[in-house]
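Student:
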Amino acid sequence: MNELLSDAYDQGLYTGKSISLPARASDGKWYIHHLAFLGAVPPKIKL
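In terms of the numbering used here, the sequence shown opens at residue 265 and continues consecutively.
1) Going along the chain, which residues of its own chain have a beta-carbon closer than 6 angstroms to the beta-carbon of histidine 297, five neighbours each way excluded?
2) Give the straight-line distance between the Cα atoms of aspartate 274 and tryptophan 294, rounded to the nearest whole angstrom.
3) Alanine 304 and leucine 268 look like a contact to me (Cβ under 8 angstroms); what is the Cβ gap, rounded to whole Å?
4) Nearest CA to the CA of leucine 302: which residue from Lys308, Ser290, Lys310, Gly280?
5) Name the one or two DSSP bridge partners that lysine 308 has.
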């Protein structure tokens, strides 16, 4: 995480995190595919 994102997270601009954990086809082990910081932009679709 770079300093800009770290500062924004510390200030509360991002309120959550989300990761994708697929399993590799070759050996079935889980790995982190991506990490997303959530909350900076409101969702376009309201629930």
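Cβ atoms here follow ideal geometry from the backbone N, Cα and C, with glycine treated the same way.
The structure displayed is predicted, hence computed values, not measured ones.
Tutor: So, from the data block:
1) Ser284, Pro286
2) 29 angstroms
3) Not confirmed; about 12 angstroms, so no contact.
4) Gly280
5) According to DSSP, which records beta bridges pairwise, lysine 308 is partnered with nothing at all.
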